[in-house]
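Protein sequences, first through last, are from chains A and B. For the record, in the first sequence the residue sitting at position 22 is 100 according to our numbering, with numbers rising by one throughout. For the record, in the second sequence the residue sitting at position 298 is 300 according to our numbering, with numbers rising by one throughout. Don't be surprised by glycine CBs; every beta carbon is placed ideally from N, CA and C. Keep in mind the model is a prediction, meaning the values are calculated, not measured. The structure appears below as structure tokens.
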Amino acid sequence: MFFSVDNKAVFAATGGKDFDAAKPCVIFIHGAGMDHSCWLLQSRWFAWHGWSMLAIDLPGHGRSEGDALPTIADLAAWIGRLMDAAGLKTATLVGHSMGAIIALETAAALPVRIERLALLGVTAAMQVHPALLDAAKNDATKAYEMMTDWSHGKAAKMGRNQVPGMWMTGNALALFARNKPGVLFADLTACNTWETGPATAAQITCPVHIIASKQDMMTPLRGSKELAALIPDSDLTELDKCSHMMMAEAPDAVLDVLIDRLGNKI
Amino acid sequence: MSPSKFPHPDTLSLHAGQRPDPTTGARAVPIYQTTSYVFDDTNHAAELFNLERAGHLYSRISNPTVAVLEERIAALEGGVGAVCTASGQAALFLGISTLMGAGSHIVASSRIYGGSNNMFIHTLPRFGITATLVDPRDPQAFADAVQDNTRLVFAETLGNPGLEVLDIPAIAQVAHDAGLPLMIDSTFATPYLCKPFEHGADIIMHSVTKFLGGHGVAVGGVLVDAGSFDWMANDKFPTLSAPYAGYHGIVFAEEFGPAAMISRARAEGLRDFGACMSPQNAFYLLQGVETLPVRMARHVENAQGVAEFLEAHDAVDWVSYPGLPSHPDHALANKLLPKGSGAILSFGIKGGRVAGAKFIERLNIFSHLANIGDAKSLVIHPASTTHQQMDAEALAFAGVGEELVRLSVGLEYLGDLQGDLDQALAASQKG
């Protein structure tokens with residue numbers, strides 16, 4: 079379905095159910111260069127188990143209009159305006175990577191409106207390797223390959239997908255290739271210039287659950303633990319045998335944690 | 003060392019989609035000879051059926067052994083995913099039925115496998131789907147044949163049996179300019195020789211029976227999705243862009259993103275039409291895929307040697323093999339198929355149909371049968387077999403003359419193959 083935010087159309091998948099703002103709502107926020115479809119194997123469960131679910135495309139991504147926003151603070155403020163447009167007084171946010179720090183900043187800015195957070199593949203600082211930033215600016219195809227390479231574990235590069243017949247890294251490359259020019263560079267720049275992580279984390283008042291992977295090269299487990307230590311009401315689940323793209327690499331493990339920490343909270 | 007952090011295709015041929023069995027440690031892909039799979043509990047069952055979780059439900063829709071083959075071929079082609087089917091023709095029908103319904107139209111190459119020709123010209127019209135066949139060497143002919151109701155452009159990497167090399171980038175451009183996907187039958191080439199997605203194709207199908215399987219022991223097909231086509235860009239593809247009542251109103255292009263087409267092919271096509279691959283056949287075909295790179299290298303080396311031998315033979319009028327400088331598509335073949343032009347070739351024997359019959363009957367190593375892509379060398383006379391449903395005019399349009407003999411060159415010692423051909427050609431020319 080589409081909402082209008084800042085006079086721009088915003089797409090959100092609803093998992094095949096009609097959106098109902100009166101129900102508890104969970105909003106899934108994707109990471110850099112991704113779109114709502116990265117949540118396929120987690121989001122649909124919520125839509126069919128008592129929640130209203132929105133898996134959104136951030137501005138300039140997927141089917142949402144506009145340009146990618148330049149800072150994490152801008153994106154967090156935009157989430158607030160999206161909630162207004164959807165008629166949501168409160169929501170639970172689930173974010174991955176860039177989407178996780180957007181969720182964190184949103185919870186700090188709107189403490190009354192954000193009920194819980196689940197943050198996947200996240201650290202208190204999200205500095206981007208200069209080579210990746212350079213590629214994102216000058217050679218998008220190379221950047222997509224670097225992102226796919228760094229965000230998938232060794233096992234995933236041989237496949238063994240839980241979804242029968244699907245080739246995981248092929249899907250990631252195809253998803254990245256759908257980006258409009260400049261979108262990935264804008265996303266990575268927003269991550270790279272985000273400097274308020276520790277201060278923001280300390281302000282969070284809602285319960286936060288972090289899901290981290292032992293093999294994550296992009297947001298290492300150590301950094302996730304450091305972030306968890308900064309958040310007053312937080313805990314952390316360590317996943318094994320997956321990397322940064324844990325929603326695809328270990329879909330059931332991620333979903334089981336989300337159900338345990340969020341899904342059964344209504 | 004590989005320059006990429008991603009495994010080389012030679013490695014993927016052996017490993018993609020599989021890990022040693024966690025229960026037994028079995029190194030080979032186990033044959034999961036089961037129809038169905040025990041659910042953890044009633045919630046788990048409901049979640050699987052509602053696509054809330056991934057997993058196997060019933061072997062018509064997916065099976066762990068078949069899934070390894072699907073993932074492996076998707077990896078080799080560079081797609082987002084694949085669905086294996088009971089045969090190559092089942093894969094072709096699955097692709098078509100996933101994209102369109104009655105009232106639709108296909109623009110296809112005229113130089114295609116006879117079975118595909120039959121489907122387009124004789125069978126699909128009964129279901130309200132029509133086709134216009136055009137010269138594969140003429141991109142403008144594809145463009146001119148597009149109608150308002152056209153939903154697909156279809157061609158073969160290497161035409162059957164004429165070995166026309168398809169200018170995939172040019173035909174993909176024509177298709178995309180018309181808002182249509184390009185589907186390629188790449189059976190003759192395999193991903194070892196050509197990767198159509200890298201040249202702009204959107205969907206690939208194979209008869210896995212042929213070179214991918216390579217041993218002539220199992221029939222199977224596969225449909226592979228590049229994940230590159232934007233099904234929401236126009237209103238031509240409601241099967242992917244509109245709610246589907248057969249699955250709780252799901253909009254495949256919204257839910258599955260790049261994997262929309264292949265997901266609907268499985269969720270609807272295998273569920274409702276049921277042309278699935280058996281796990282036993284998937285196992286046999288996986289044995290072939292494991293050795294695809296080394297087999298194809300030998301296939302094309304032998305085919306080049308046979309083609310050059312025939313071209314110099316007095317009993318041969320002409321040879322069609324893109325690896326020969328005399329072939330009109332030789333330059334294009336060098337560009338799109340740099341490792342070789344496949345192992346199928348056709349030639350015209352002096353003396354026409356009568357000489358052709360004598361030739362085939364005198365061959366000792368080449369087997370006379372209706373297949374290609376076996377490790378063993380094969381021969382057939384298309385006008386009287388694979389393309390026999392066509393009348394003289396249709397045969398001419400398809401480039402199948404009465405004198406045409408098609409060879410599938412196998413892995414035998416090249417000198418033995420040339421010797422067998424030489425004695426049979428000599429016999430064919432005697433009164």
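Going by CA-CA distance only, name the one from the options that's closest to residue i.
i: B/Pro-436; options: B/Gly-161, B/Pro-171, B/Arg-128 and B/Leu-14; result: Given that chain B is displayed from residue 3 to residue 433, the structure contains no residue 436 of chain B and the question cannot be resolved.
i: B/Glu-54; options: A/Trp-129, A/His-127, A/Met-131 and A/Arg-122; result: A/Arg-122
i: A/Asn-270; options: A/Ala-151, A/Gly-138 and A/Ala-255; result: A/Ala-151
i: A/Leu-299; options: A/Ile-282, A/Ile-309 and A/Asp-318; result: A/Asp-318
i: B/Ala-30; options: B/Gly-325, B/Tyr-286, B/Leu-50 and B/Gly-417; result: B/Tyr-286
i: A/Glu-327; options: A/Ile-337, A/Gly-237, A/Phe-254 and A/Trp-272; result: A/Gly-237
i: B/Ile-98; options: B/Gly-412, B/Arg-268 and B/Thr-211; result: B/Arg-268
i: B/Ile-382; options: B/Lys-360, B/Met-263, B/Ile-123 and B/Ala-143; result: B/Lys-360
i: A/Glu-316; options: A/Gly-177, A/Gln-293, A/Ile-337 and A/Val-83; result: A/Gln-293
i: B/Lys-341; options: B/Asp-316, B/Ala-299 and B/Lys-238; result: B/Ala-299
i: A/Cys-99; options: A/Trp-129, A/Asp-113, A/His-108 and A/Leu-119; result: Before going further, note that residue 99 of chain A is Ala rather than Cys in the sequence given. Measuring from the Cα of A/Ala-99, the nearest candidate turns out to be A/Trp-129.
i: B/Glu-158; options: B/Asn-45, B/Leu-126, B/Tyr-115 and B/Leu-371; result: B/Tyr-115
i: A/Trp-228; options: A/Lys-215, A/Ala-209, A/Ala-178 and A/Trp-245; result: A/Ala-209
i: B/Ala-105; options: B/Ile-75, B/Leu-154 and B/Met-207; result: According to the sequence displayed, residue 105 of chain B carries Gly and not Ala. Considering only alpha carbons, the answer is B/Leu-154.
i: B/Leu-416; options: B/Ala-345, B/Val-221, B/Pro-9 and B/Thr-100; result: B/Ala-345
i: B/Phe-231; options: B/Met-185, B/Lys-212 and B/Arg-273; result: B/Met-185
i: A/Pro-259; options: A/Leu-119, A/Ala-213, A/Ala-155 and A/Ser-312; result: A/Ala-213
i: A/Val-104; options: A/Ile-192, A/Ala-163 and A/Cys-284; result: A/Ile-192
i: A/His-287; options: A/Ala-91, A/Pro-276 and A/Ala-306; result: A/Ala-306
i: A/Ile-107; options: A/His-207, A/Ala-181, A/Ala-331 and A/Asn-257; result: A/Ala-181
i: B/Ile-123; options: B/Asp-376, B/Ala-400, B/Ser-430 and B/Thr-192; result: B/Ala-400
i: A/Thr-283; options: A/Met-224, A/Arg-339, A/Leu-188 and A/Leu-333; result: A/Leu-188
i: B/Leu-380; options: B/Ala-394, B/Gly-353, B/Ser-348 and B/Leu-397; result: B/Ser-348
i: A/Leu-251; options: B/Gly-259, B/Leu-168 and B/Leu-225; result: B/Gly-259
i: A/Asp-145; options: A/Val-88, A/Glu-273, A/Gln-281 and A/Met-225; result: A/Val-88
i: A/Ala-268; options: A/Gly-177, A/Asp-330, A/Met-323 and A/Gln-281; result: A/Gly-177
i: A/Thr-168; options: A/Leu-211, A/His-174 and A/Leu-195; result: A/Leu-195
i: B/Phe-156; options: B/Pro-163, B/Asp-137, B/Leu-165 and B/Asp-150; result: B/Asp-137
i: A/Ala-91; options: A/Thr-149, A/Leu-119 and A/Ala-218; result: A/Leu-119
Taking residue i and residue j to be in contact with their CB atoms under 8 Å, please state how far apart those CB atoms are, rounded to whole angstroms.
i: B/Asp-227; j: B/Gly-19; result: Wrong, their Cβ atoms sit about 16 Å apart, outside the cutoff.
i: A/Gly-243; j: B/Gly-83; result: 5 Å
i: B/Asn-304; j: B/Leu-419; result: 7 Å
i: A/Val-83; j: A/Arg-159; result: 5 Å
i: A/Ala-202; j: A/Glu-304; result: 6 Å
i: B/Asp-422; j: B/Ile-367; result: 4 Å
i: B/Gly-181; j: B/Ala-235; result: 6 Å
i: B/Val-296; j: B/Gly-358; result: Not a contact, Cβ separation roughly 33 Å.
Provide the residue(s) that pair with residue i in DSSP beta bridges, ordered along the chain.
i: B/Val-221; result: Note: B/Val-221 sits in no beta bridge, so no partner.
i: B/Cys-278; result: B/Thr-87
i: A/Cys-103; result: A/Ser-130
i: B/Tyr-246; result: B/Ile-252
i: B/Ala-133; result: B/Ile-108
i: A/His-405; result: Nothing about residue 405 of chain A can be reported from this structure: the residues present for chain A run from 79 to 344 only.
i: B/Ile-351; result: B/Val-318
i: B/Ser-343; result: In DSSP, B/Ser-343 forms no bridge with anything.
i: B/Ser-118; result: Note: B/Ser-118 sits in no beta bridge, so no partner.
i: B/Asp-179; result: B/Asp-179 pairs with nothing; no bridge assigned.
Is the closest heavy atom of the ligand ATP to the C-beta of residue i under 6 Å?
i: B/Asp-43; result: Summarising the ligand content, the structure contains no ligands, and the ligand ATP is consequently not present.
- prompt: Taking a cut of 9 Å between CB atoms, which residues from the stretch 263-276 of chain B lie near chain A?
  reply: If the cut-off is 9 Å between Cβ atoms, the stretch 263-276 of chain B has Ile-264, Ser-265 and Arg-268 near chain A.
query: In chain order, which alpha helix (DSSP H) runs of at least 4 residues are fully inside the stretch 112-146 of chain A?
result: Within the stretch 112-146 of chain A, complete alpha helix (DSSP H) segments of at least 4 residues are found at 118-125, given in chain order.
- request: Closer than 7 Å, Cβ to Cβ, to anything on chain B: give me those residues from the stretch 83-96 of chain A, in chain order.
  value: Listed in sequence order: Ala-91 and Gly-94.
- prompt: Fully enclosed by the stretch 167-234 of chain A, which beta strand (DSSP E) runs are 3 residues long or longer?
  reply: The stretch 167-234 of chain A contains these whole beta strand (DSSP E) runs: 169-174 and 192-198.
- request: Quick one: which residues of the stretch 234-249 of chain A get their C-beta closer than 9 Å to a C-beta of chain B? List them in chain order.
  value: Cβ contacts with chain B: Lys-235, Met-236, Gly-237, Arg-238, Asn-239, Gln-240, Val-241, Pro-242, Gly-243, Met-244, Trp-245, Met-246, Thr-247, Gly-248 and Asn-249.
- request: May I ask you to list, following chain order, the residues of the stretch 127-149 of chain B that have a beta carbon less than 9 Å from some beta carbon of chain A?
  value: Those residues of the stretch 127-149 of chain B that come within reach of chain A (Cβ to Cβ, closer than 9 Å) do not exist; the list is empty.
- prompt: What residues from the stretch 79-97 of chain B come within 9 Å of chain A, judged by C-beta to C-beta, listed N to C?
  reply: So the list reads Glu-79, Gly-80, Gly-81, Val-82, Gly-83, Ala-84, Val-85 and Cys-86, given in the order they occur along the chain.
Those runs of the beta strand (DSSP E) which lie wholly inside the stretch 286-325 of chain B and span at least 3 residues: The beta strand (DSSP E) runs of length 3 or more contained entirely in the stretch 286-325 of chain B are, from start to end of the chain, 318-322.
field: Minimum length 3: unbroken beta strand (DSSP E) runs contained in the stretch 90-114 of chain B
entry: List check, beta strand (DSSP E) in window: 107-111.
message: Short of 8 Å Cβ to Cβ, which residues in the stretch 205-217 of chain A face chain B?
response: Within the stretch 205-217 of chain A, no residue places its CB atom closer than 8 Å to a CB of chain B.
- request: For the stretch 196-244 of chain B, list the beta strand (DSSP E) runs that are entirely contained and at least 3 residues long, ordered along the chain.
  value: Listed in chain order, they are 205-209 and 223-227.
task: Write down every uninterrupted run of the beta strand (DSSP E) in the stretch 244-282 of chain A whose length is 3 residues or greater and which is fully enclosed by it, in chain order.
output: Here no run is fully enclosed.
query: Along the stretch 16-38 of chain B, what residues have a CB closer than 8 Å to any CB found in chain A?
result: So the list reads His-17, Ala-18, Gly-19, Gln-20 and Arg-21, given in the order they occur along the chain.
- request: Just list the beta strand (DSSP E) runs in the stretch 3-87 of chain B, keeping only unbroken ones of 3 residues or longer that don't cross its boundaries, in chain order.
  value: If we require 3 residues or more, the beta strand (DSSP E) runs fully inside the stretch 3-87 of chain B come out as 83-87.
- prompt: Given a limit of 8 Å on CB to CB distance, which residues of the stretch 298-327 of chain A reach chain B?
  reply: Across the stretch 298-327 of chain A, no CB contact with chain B closer than 8 Å is found for any residue.
- prompt: Looking at chain A, which residues of the stretch 42-64 of chain B have a Cβ within less than 9 Å of any of its Cβ atoms?
  reply: Correct list: Ala-48, Glu-49, Asn-52, Leu-53, Glu-54, Arg-55, Ala-56, Gly-57, His-58, Ile-63 and Ser-64.
query: Counting only runs that start and end within the stretch 359-423 of chain B, where is the alpha helix (DSSP H) found for 4 or more residues in a row?
result: Listed in chain order, the complete alpha helix (DSSP H) runs (minimum 4 residues) inside the stretch 359-423 of chain B are 394-399.
query: Which residues, in order along the stretch 317-339 of chain B, keep a beta-carbon less than 8 Å from a beta-carbon of chain A?
result: Those residues of the stretch 317-339 of chain B that come within reach of chain A (Cβ to Cβ, closer than 8 Å) do not exist; the list is empty.
query: When you check each C-beta in the stretch 229-250 of chain B against every C-beta of chain A, which residues fall closer than 9 Å?
result: Residues Gly-229, Ser-230, Asp-232, Met-234, Pro-245, Tyr-249 and His-250.
message: Please list, in chain order, the residues of the stretch 116-130 of chain A that have any C-beta partner in chain B closer than 7 Å.
response: Listed by position along the chain: Leu-118, Leu-119, Arg-122, Trp-123 and Trp-126.
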